[in-house]
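Following: one structure in C-alpha coordinates, then a few remarks.
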Amino acid sequence: MIKLVVSDIDGTLLPYGETKLSGEIFSLIEQLKERGIPFCPTSGRQYHSIRSLFPHIADELSYVCENGGVIYGPGTEDTAPILGSTPMERSSALALAREILNLPDSQLLITGPKYAYLCQCTQDYVVHMRDFKGFQLKIVEDVEEIPEEILKVSAYCPLGTKPAAESLGPAWSTVFHMAVAGEDWLDFTLADKGVGVLGLCRSMDIDPKDVLAFGDNWNDAAMLSVVGHPYLMAAAEQGLLEQFPTTCHRVEDVLRYFLDTNQLP
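In terms of the numbering used here, the sequence shown opens at residue 18 and continues consecutively.
Written out as C-alpha coordinates, the structure reads:
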(Lines of atoms letter the chains of each structure in order from A; the text may use other names.)
(Lines give C-alpha, C1' and ligand atoms only; values in the text may rest on other atoms or scores of the structure.)
Protein backbone atom coordinates (compact mmCIF):
# COMPACT_ATOMS: atom_id res chain seq x y z
CA MET A 18 0.00 0.00 0.00
CA ILE A 19 1.28 3.47 -0.88
CA LYS A 20 0.84 5.94 2.00
CA LEU A 21 3.39 8.62 1.00
CA VAL A 22 5.01 9.80 -2.25
CA VAL A 23 8.39 11.56 -2.16
CA SER A 24 10.33 12.89 -5.12
CA ASP A 25 13.61 14.55 -5.94
CA ILE A 26 13.32 17.78 -7.93
CA ASP A 27 16.19 18.50 -10.33
CA GLY A 28 16.56 15.84 -13.01
CA THR A 29 13.51 13.98 -11.69
CA LEU A 30 10.42 16.20 -11.46
CA LEU A 31 12.17 19.14 -13.09
CA PRO A 32 14.28 18.44 -16.19
CA TYR A 33 17.74 20.00 -16.00
CA GLY A 34 17.74 23.50 -17.40
CA GLU A 35 14.05 24.18 -16.71
CA THR A 36 12.59 26.38 -14.00
CA LYS A 37 8.90 25.38 -13.82
CA LEU A 38 7.23 22.07 -13.04
CA SER A 39 4.72 20.58 -15.44
CA GLY A 40 1.11 21.60 -14.87
CA GLU A 41 0.18 17.92 -14.71
CA ILE A 42 2.08 17.26 -11.50
CA PHE A 43 -0.15 19.65 -9.53
CA SER A 44 -3.29 17.80 -10.62
CA LEU A 45 -1.70 14.48 -9.66
CA ILE A 46 -0.66 15.81 -6.24
CA GLU A 47 -4.25 16.95 -5.68
CA GLN A 48 -5.57 13.51 -6.65
CA LEU A 49 -3.11 11.87 -4.25
CA LYS A 50 -4.30 14.21 -1.51
CA GLU A 51 -7.92 13.21 -2.16
CA ARG A 52 -6.89 9.61 -1.48
CA GLY A 53 -5.13 10.58 1.73
CA ILE A 54 -1.62 10.18 0.27
CA PRO A 55 0.71 13.12 1.00
CA PHE A 56 3.32 14.25 -1.51
CA CYS A 57 6.69 15.56 -0.31
CA PRO A 58 9.52 17.06 -2.38
CA THR A 59 12.99 15.84 -1.36
CA SER A 60 15.87 17.90 -2.65
CA GLY A 61 19.34 19.23 -2.13
CA ARG A 62 17.80 22.64 -2.63
CA GLN A 63 17.04 25.24 0.01
CA TYR A 64 13.54 25.32 1.55
CA HIS A 65 12.71 28.70 -0.02
CA SER A 66 13.80 27.48 -3.44
CA ILE A 67 11.72 24.29 -3.30
CA ARG A 68 8.61 26.11 -2.05
CA SER A 69 8.80 28.51 -4.97
CA LEU A 70 8.24 25.61 -7.38
CA PHE A 71 4.86 24.80 -5.77
CA PRO A 72 3.34 28.29 -5.53
CA HIS A 73 -0.34 27.39 -5.12
CA ILE A 74 0.10 24.49 -2.69
CA ALA A 75 3.36 25.41 -0.96
CA ASP A 76 1.73 25.75 2.47
CA GLU A 77 0.15 22.27 2.23
CA LEU A 78 3.34 20.27 1.69
CA SER A 79 6.12 18.91 3.85
CA TYR A 80 9.68 19.26 2.52
CA VAL A 81 12.91 17.31 2.92
CA CYS A 82 15.55 19.93 2.11
CA GLU A 83 19.34 20.17 1.92
CA ASN A 84 19.72 16.46 1.10
CA GLY A 85 17.92 15.53 4.30
CA GLY A 86 19.61 18.14 6.47
CA VAL A 87 16.29 19.70 7.50
CA ILE A 88 12.64 18.62 7.32
CA TYR A 89 9.79 21.15 7.29
CA GLY A 90 6.14 20.42 7.95
CA PRO A 91 3.20 22.17 6.27
CA GLY A 92 2.69 25.87 6.88
CA THR A 93 3.72 29.25 5.61
CA GLU A 94 7.39 30.00 5.10
CA ASP A 95 7.43 31.85 8.42
CA THR A 96 5.36 29.38 10.47
CA ALA A 97 6.12 25.90 9.08
CA PRO A 98 7.55 23.71 11.86
CA ILE A 99 10.98 22.14 11.56
CA LEU A 100 10.34 18.43 12.06
CA GLY A 101 14.02 17.55 12.28
CA SER A 102 17.46 18.82 11.35
CA THR A 103 21.00 17.45 11.21
CA PRO A 104 23.51 20.32 11.26
CA MET A 105 27.16 19.80 10.33
CA GLU A 106 29.91 20.24 12.91
CA ARG A 107 30.75 23.88 12.37
CA SER A 108 34.55 23.97 12.40
CA SER A 109 34.78 21.05 10.00
CA ALA A 110 32.13 22.53 7.71
CA LEU A 111 34.00 25.83 7.56
CA ALA A 112 37.32 24.08 6.88
CA LEU A 113 35.69 22.25 3.98
CA ALA A 114 34.23 25.52 2.71
CA ARG A 115 37.67 27.13 2.65
CA GLU A 116 39.03 24.24 0.60
CA ILE A 117 36.22 24.69 -1.92
CA LEU A 118 37.05 28.40 -2.17
CA ASN A 119 40.58 27.40 -3.21
CA LEU A 120 39.46 25.01 -5.95
CA PRO A 121 39.76 26.18 -9.55
CA ASP A 122 36.56 26.41 -11.62
CA SER A 123 34.32 26.01 -8.56
CA GLN A 124 32.07 28.22 -6.46
CA LEU A 125 31.00 27.76 -2.85
CA LEU A 126 27.47 27.44 -1.48
CA ILE A 127 26.74 27.10 2.25
CA THR A 128 23.16 26.64 3.40
CA GLY A 129 21.46 27.04 6.74
CA PRO A 130 17.82 26.61 7.75
CA LYS A 131 16.87 30.09 6.47
CA TYR A 132 19.48 31.42 4.04
CA ALA A 133 22.05 30.27 1.53
CA TYR A 134 25.44 31.98 1.74
CA LEU A 135 27.86 32.88 -1.03
CA CYS A 136 31.44 33.99 -0.48
CA GLN A 137 34.11 35.31 -2.86
CA CYS A 138 31.76 34.62 -5.77
CA THR A 139 31.20 35.97 -9.25
CA GLN A 140 28.17 38.08 -10.13
CA ASP A 141 27.11 35.47 -12.69
CA TYR A 142 26.93 32.90 -9.90
CA VAL A 143 24.82 35.24 -7.75
CA VAL A 144 22.38 35.71 -10.63
CA HIS A 145 22.27 31.95 -11.30
CA MET A 146 21.46 31.08 -7.69
CA ARG A 147 19.05 33.96 -7.07
CA ASP A 148 17.16 34.19 -10.36
CA PHE A 149 17.45 30.71 -11.89
CA LYS A 150 17.50 28.53 -8.76
CA GLY A 151 15.31 30.83 -6.67
CA PHE A 152 17.51 30.80 -3.55
CA GLN A 153 17.20 33.24 -0.66
CA LEU A 154 20.77 34.51 -0.51
CA LYS A 155 23.19 36.41 1.68
CA ILE A 156 26.71 37.27 0.54
CA VAL A 157 29.46 37.25 3.16
CA GLU A 158 33.08 38.38 3.05
CA ASP A 159 34.24 35.43 5.14
CA VAL A 160 32.57 32.12 5.97
CA GLU A 161 33.05 32.83 9.69
CA GLU A 162 30.33 35.49 9.36
CA ILE A 163 27.58 32.89 8.80
CA PRO A 164 25.34 33.09 11.90
CA GLU A 165 23.15 30.01 11.30
CA GLU A 166 23.74 26.33 11.77
CA ILE A 167 25.29 24.83 8.64
CA LEU A 168 23.23 22.11 6.96
CA LYS A 169 25.07 21.68 3.68
CA VAL A 170 28.32 22.75 2.03
CA SER A 171 28.44 22.48 -1.76
CA ALA A 172 30.81 23.03 -4.63
CA TYR A 173 29.21 24.35 -7.81
CA CYS A 174 31.28 22.96 -10.67
CA PRO A 175 29.99 24.17 -14.06
CA LEU A 176 32.75 22.23 -15.86
CA GLY A 177 31.85 18.98 -14.06
CA THR A 178 32.21 17.56 -10.54
CA LYS A 179 34.97 15.01 -11.13
CA PRO A 180 37.98 17.28 -10.34
CA ALA A 181 36.33 18.58 -7.16
CA ALA A 182 35.38 15.06 -6.05
CA GLU A 183 38.91 13.80 -6.62
CA SER A 184 40.36 16.72 -4.67
CA LEU A 185 37.91 16.78 -1.76
CA GLY A 186 36.82 13.16 -1.52
CA PRO A 187 39.85 11.54 0.15
CA ALA A 188 39.70 13.81 3.19
CA TRP A 189 36.05 14.78 3.43
CA SER A 190 33.97 11.82 2.27
CA THR A 191 34.81 10.07 5.57
CA VAL A 192 33.68 13.08 7.61
CA PHE A 193 30.46 13.96 5.75
CA HIS A 194 28.22 12.34 3.18
CA MET A 195 29.56 13.36 -0.23
CA ALA A 196 27.19 13.06 -3.18
CA VAL A 197 27.05 14.21 -6.77
CA ALA A 198 23.79 16.11 -7.24
CA GLY A 199 23.31 16.73 -10.93
CA GLU A 200 25.96 17.49 -13.49
CA ASP A 201 27.49 20.44 -11.68
CA TRP A 202 26.96 20.07 -7.92
CA LEU A 203 28.99 18.22 -5.30
CA ASP A 204 27.21 18.23 -1.92
CA PHE A 205 28.45 17.53 1.60
CA THR A 206 26.03 16.93 4.48
CA LEU A 207 25.94 15.09 7.78
CA ALA A 208 22.50 13.75 6.89
CA ASP A 209 21.30 12.29 3.59
CA LYS A 210 17.93 11.96 1.92
CA GLY A 211 17.47 8.55 3.53
CA VAL A 212 17.80 10.14 6.97
CA GLY A 213 15.39 12.87 5.90
CA VAL A 214 12.73 10.52 4.56
CA LEU A 215 12.95 8.27 7.62
CA GLY A 216 12.49 11.34 9.83
CA LEU A 217 9.49 12.40 7.78
CA CYS A 218 8.01 8.91 8.07
CA ARG A 219 8.40 8.97 11.85
CA SER A 220 6.64 12.33 12.05
CA MET A 221 3.74 10.98 9.95
CA ASP A 222 3.69 7.52 11.54
CA ILE A 223 4.21 5.90 8.12
CA ASP A 224 6.19 2.71 7.50
CA PRO A 225 8.97 3.41 4.94
CA LYS A 226 7.88 0.21 3.18
CA ASP A 227 4.73 2.12 2.19
CA VAL A 228 6.63 4.98 0.53
CA LEU A 229 6.93 5.53 -3.24
CA ALA A 230 10.09 7.48 -4.08
CA PHE A 231 11.62 8.96 -7.24
CA GLY A 232 15.22 10.04 -7.84
CA ASP A 233 17.85 10.37 -10.53
CA ASN A 234 21.29 10.85 -8.99
CA TRP A 235 23.71 9.68 -6.32
CA ASN A 236 22.30 12.02 -3.67
CA ASP A 237 19.01 10.11 -4.06
CA ALA A 238 20.52 6.65 -3.45
CA ALA A 239 20.07 6.67 0.34
CA MET A 240 16.42 7.67 -0.03
CA LEU A 241 15.73 5.02 -2.66
CA SER A 242 17.39 2.42 -0.43
CA VAL A 243 15.12 2.97 2.58
CA VAL A 244 11.70 3.01 0.88
CA GLY A 245 9.55 0.10 -0.25
CA HIS A 246 8.92 1.36 -3.78
CA PRO A 247 11.96 3.11 -5.34
CA TYR A 248 11.88 4.44 -8.90
CA LEU A 249 15.00 5.69 -10.66
CA MET A 250 14.90 7.89 -13.73
CA ALA A 251 15.85 5.88 -16.82
CA ALA A 252 18.59 8.37 -17.79
CA ALA A 253 20.53 7.81 -14.55
CA GLU A 254 24.12 6.58 -14.48
CA GLN A 255 24.77 2.89 -14.99
CA GLY A 256 25.97 2.36 -11.43
CA LEU A 257 22.66 3.59 -10.07
CA LEU A 258 20.67 1.59 -12.60
CA GLU A 259 22.38 -1.56 -11.34
CA GLN A 260 21.28 -0.76 -7.77
CA PHE A 261 17.75 0.38 -8.61
CA PRO A 262 16.45 -1.46 -11.68
CA THR A 263 12.86 -0.15 -11.51
CA THR A 264 12.90 2.91 -13.75
CA CYS A 265 10.66 5.48 -15.38
CA HIS A 266 10.99 8.36 -17.83
CA ARG A 267 8.53 10.67 -16.07
CA VAL A 268 7.24 10.77 -12.51
CA GLU A 269 3.88 11.91 -13.84
CA ASP A 270 3.48 8.71 -15.88
CA VAL A 271 3.95 6.48 -12.83
CA LEU A 272 1.62 8.54 -10.65
CA ARG A 273 -1.07 8.65 -13.34
CA TYR A 274 -0.89 4.88 -13.78
CA PHE A 275 -1.08 4.36 -10.02
CA LEU A 276 -4.07 6.67 -9.64
CA ASP A 277 -5.88 4.97 -12.55
CA THR A 278 -5.20 1.35 -11.55
CA ASN A 279 -4.18 1.43 -7.87
CA GLN A 280 -1.06 -0.46 -8.98
CA LEU A 281 2.48 0.50 -9.89
CA PRO A 282 3.72 -0.09 -13.43
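A virtual CB, placed ideally from N, CA and C, is assigned to each residue, including glycine.
Residue i - partner residues in DSSP beta bridges
{"i": "His-246", "result": "Leu-229"}
{"i": "Pro-262", "result": "BP columns for Pro-262 are empty, so no partner."}
{"i": "Gln-48", "result": "According to DSSP, which records beta bridges pairwise, Gln-48 is partnered with nothing at all."}
{"i": "Trp-202", "result": "Tyr-173"}
{"i": "Gln-124", "result": "Tyr-173"}
{"i": "Gly-101", "result": "Ile-88"}
{"i": "Thr-59", "result": "Val-81"}
{"i": "Asp-224", "result": "Per DSSP, none; premise fails for Asp-224."}
{"i": "Leu-168", "result": "None; Leu-168 has no bridge partner."}
{"i": "Asp-27", "result": "Leu-31"}
Check whether residue i and residue j have beta carbons under 7 Å apart
{"i": "Met-240", "j": "Gly-199", "result": "no"}
{"i": "Ala-230", "j": "Val-87", "result": "no"}
{"i": "Ser-242", "j": "Trp-202", "result": "no"}
{"i": "Pro-91", "j": "Ser-102", "result": "no"}
{"i": "Ile-67", "j": "Phe-56", "result": "no"}
{"i": "Leu-111", "j": "Val-160", "result": "yes"}
{"i": "Val-244", "j": "Pro-262", "result": "no"}
{"i": "Leu-21", "j": "Ile-167", "result": "no"}
{"i": "Glu-94", "j": "Lys-169", "result": "no"}
{"i": "Gly-85", "j": "Asp-204", "result": "no"}
{"i": "Pro-31", "j": "Val-268", "result": "First, the amino acid is wrong: residue 31 is Leu here, not Pro. No, Cβ-Cβ distance for Leu-31 and Val-268 is not below 7 Å."}
{"i": "Trp-109", "j": "Val-192", "result": "Correcting the residue type first, residue 109 is Ser in the shown sequence and not Trp. Closer than 7 Å, so yes."}
{"i": "Gln-153", "j": "Tyr-173", "result": "no"}
Cβ-Cβ separation, residue j to residue i (assumed contact under 8 Å), whole Å
{"i": "Lys-155", "j": "Tyr-142", "result": "In fact, because the Cβ distance is near 14 Å, the residues do not count as touching under 8 Å."}
{"i": "Met-250", "j": "Gly-28", "result": "7 Å"}
{"i": "Trp-342", "j": "Leu-113", "result": "In this structure the chain extends from 18 to 282, so residue 342 is not present and cannot be described."}
{"i": "Val-128", "j": "Gln-63", "result": "According to the sequence provided, residue 128 is Thr. The question's Val does not apply to it. Indeed, because the Cβ distance is near 5 Å, the residues count as touching under 8 Å."}
{"i": "Gly-232", "j": "Asp-25", "result": "4 Å"}
{"i": "Tyr-89", "j": "Ile-74", "result": "Not really, about 14 Å apart at Cβ, beyond 8 Å."}
{"i": "Asp-270", "j": "Ile-19", "result": "In fact, because the Cβ distance is near 16 Å, the residues do not count as touching under 8 Å."}
{"i": "Tyr-248", "j": "Thr-264", "result": "7 Å"}
{"i": "Ser-39", "j": "Gly-151", "result": "No, Ser-39 and Gly-151 are not in contact; Cβ-Cβ is about 17 Å, not under 8 Å."}
Host beta strand (DSSP E) of residue i (start-end)
{"i": "Phe-275", "result": "Careful: Phe-275 lies outside any beta strand (DSSP E), inside the alpha helix (DSSP H) at 268-278."}
{"i": "Tyr-134", "result": "133-136"}
{"i": "Ser-24", "result": "21-24"}
{"i": "Ile-156", "result": "154-157"}
N-terminal and C-terminal residue of the alpha helix (DSSP H) that residue i is part of
{"i": "Asp-141", "result": "140-144"}
{"i": "Gly-216", "result": "210-221"}
{"i": "His-194", "result": "That residue, His-194, is in no alpha helix (DSSP H); its beta strand (DSSP E) goes 194-197."}
{"i": "Trp-235", "result": "Trp-235 -> no alpha helix (DSSP H), and no H or E assigned at all."}
{"i": "His-73", "result": "Here His-73 belongs to no alpha helix (DSSP H), and DSSP marks it neither H nor E."}
{"i": "Leu-111", "result": "107-118"}
{"i": "Gly-186", "result": "179-189"}
{"i": "Tyr-64", "result": "64-69"}
Neighbour-count burial assignment, residue i, 16 or more Cβ in a 10 Å radius
{"i": "Lys-37", "result": "exposed"}
{"i": "Pro-104", "result": "buried"}
{"i": "Tyr-33", "result": "exposed"}
{"i": "Ile-42", "result": "buried"}
{"i": "Ile-163", "result": "buried"}
{"i": "Leu-178", "result": "Just to set this straight, residue 178 is Thr in the shown sequence, not Leu. Buried: at least 16 other Cβ atoms inside 10 Å."}
{"i": "Glu-158", "result": "exposed"}
{"i": "Ile-54", "result": "buried"}
{"i": "Leu-185", "result": "buried"}
{"i": "Ser-123", "result": "buried"}
{"i": "His-246", "result": "buried"}
{"i": "Pro-58", "result": "buried"}
{"i": "Met-146", "result": "buried"}
{"i": "Leu-272", "result": "buried"}
{"i": "Gly-213", "result": "buried"}
{"i": "Phe-71", "result": "buried"}
{"i": "Asp-209", "result": "buried"}
C-beta neighbour in chain D for residue i, strict 7 Å
{"i": "Thr-139", "result": "Going by chain labels, chain D is absent from the structure shown, which holds only one protein chain."}
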